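In terms of this note's numbering, the sequence shown opens at residue 9 and continues consecutively. A virtual CB, placed ideally from N, CA and C, is assigned to each residue, including glycine. From a predicted model like this one, the values you see are computed outputs, not experimental measurements. The next block holds one structure in the form of structure tokens; read it before the comments.
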Amino acid sequence: MRAKALATTGLVALALTLTACGADDGAGSGDDMTPAATDSMQSDDMQSDDMQSDGAMAQHGTFAGMNDKSVEGTVTVEGDTVTLSGFSSDEGPDLHLYLAKGTDEAAVEAGTELGEVAFDEADQTFTIDGMDGGDGMDGYTDVVVHCDKAKAVFGAATLM
């Protein structure tokens, strides 16, 4: 009976200890920062890294397929660099990436071609020639995956 009581007491103490370790109510001296608190601060620092030295914010978007095509992943436009992450697309014979002021064929034609995009490469980087991002983007609102040969939009990401 005594062994059972000791075991129960030990389990309760262990549970309380684990609960206390997992709970972070923000109280404390700040000297004993948990990894979660440190990660949170690093995340805040990374958000300020989105601010470029010229004051322009990085723009982000998430791809969605169009015209019965599948396009997935995210895009970041920062300065003169466009970065695709986690990207995938249906295969096409002549896929290109465009900055555009919309997603229809006329907007793509009036847009700026960034280059050929590989449908099966998750991470890709493009350079915007002659622009510095931010206000220099001339009002571009979308990054579009376009099949030039078929004149068809496969998908797009609206920049925010």
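Looking at the secondary structure, which residues open and close the beta strand (DSSP E) in which A108 lies? 103-108
Buried/exposed call for G123, threshold 16 Cβ in 10 Å: exposed
So, is D76 buried or exposed, given that buried needs 16 or more other C-beta atoms within 10 angstroms? exposed
Using a threshold of 9 angstroms, state whether the C-beta atoms of L105 and V152 are closer than that. yes
Going by DSSP in three states, D58 sits in which element: helix, strand or coil? Low per-residue confidence applies at D58: pLDDT is 47, beneath 50, and the placement is therefore not dependable, though the value from the model is reported in the following sentence. It is coil, neither helix nor strand.
Going by Cα to Cα distance, which pick from T120, G147, G138, I136 is closest to H154? T120
Does the separation of the CB atoms of D150 and T111 fall below 9 angstroms? yes
Looking only at its chain, what residues have a beta carbon closer than 8 angstroms to the beta carbon of K157, apart from the 5 residues adjacent to it on each side? G100, P101, D102
Pick from T135, K159, V161, A165 that is closest to G87, judged by C-alpha positions: T135
With a threshold of 8 angstroms on Cβ separation, who are the neighbours of D98 within its own chain once the five nearest residues in sequence on each side are excluded? G73, K77, S78, V79, F127, F162
Buried versus exposed call for D33 [16 or more other C-beta atoms within 10 Å across all chains shown]: With a pLDDT of only 40 at D33, under the threshold of 50, the placement of this residue in the model should not be trusted; the figure read from the coordinates follows. Exposed, because fewer than 16 other Cβ atoms sit within 10 Å of the Cβ of D33.
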